[in-house]
Structures are given as structure tokens and as C-alpha cells.
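To start, the structure under review is shown below, and the notes come after it.
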Amino acid sequence: MSDKLPVQQVALREGRSADRVALIVNELTEESRAALIDRYAHAVIATPLDSLCRALVTEMLDAAAGQGGRPARSAPLEPQIYTLESF
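Counting from 1085, one number per residue, gives the positions in the sequence shown under the working numbering.
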């Protein structure tokens, strides 16, 4: 498995036991999910890409329809936070 893990996770696994690391990573992948399950990562903060893409496409369509002169409606995107208990 270590050949698929990011370098930082490999270094943590080799250098410290899981109970001595408080690692928070971005994006939920197979590797970050494995780190959560193995207790090397305490949390994963994922970007809500579906919401982000929908908002961007809406803004582009509004701009193309001539409604782009108004200020952008940038609503904050809620991050998706995963912990071991999420699985």
C-alpha cells in the first residue's frame, strides 16, 4: 500500500505510531480514507465540487444572458468533513 500513499503519509507511518499523529488532509481519496481507518488521519476536509461547479455554471449562464453585470452571488460553500466515524 505504501507505494500508493502520498509521501507525507508514508513518512508518518514509518516515523510515528498512529496515536502520536494528528493529521488532517484535504480531499477524500482511497488513501486518505485508509489513513482515517488506520487512525493516521483524524479528519478529511473535502471540497464540495458538485456545489461549486453548479454555482460556477449558473454564474456563467447569467453572464452569457447579460445578467453578469450584477455582483456575484458568492455563497460560502460548506466543506464536507469526514472522520473515522463517517465510515
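Backbone N, C-alpha and C fix where the C-beta goes; we use that ideal spot for every residue, glycine too.
Relative to the alpha-carbon of residue i, which residue among the options has its alpha-carbon at the smallest distance?
{"i": "F1171", "options": "A1106, A1149, L1133 and A1119", "result": "A1119"}
Give every residue of the same chain whose Cβ lies closer than 6 Å to the Cβ of residue i, excluding the five residues on either side of it in the sequence, and list them in chain order.
{"i": "V1128", "result": "V1109, L1112, S1116 and Y1166"}
Less than 8 Å between C-beta atoms, sequence neighbours within five positions excluded: which residues of the same chain meet that for residue i?
{"i": "T1131", "result": "N1110, E1111, L1161, P1163 and Q1164"}
{"i": "L1133", "result": "none"}
{"i": "I1121", "result": "L1168 and F1171"}
Taking C-beta to C-beta, are residue i and residue j nearer than 8 Å?
{"i": "A1095", "j": "H1126", "result": "no"}
For the beta strand (DSSP E) holding residue i, just list the boundary residues, first then last.
{"i": "A1148", "result": "Unbroken run through A1148: none, as it is neither H nor E."}
{"i": "L1107", "result": "L1107 to N1110"}
{"i": "Y1124", "result": "Careful: Y1124 lies outside any beta strand (DSSP E) and carries neither H nor E."}
Once you ignore the five residues that flank residue i on each side, which residues in its own chain have a CB closer than 7 Å to its CB?
{"i": "L1136", "result": "L1161"}
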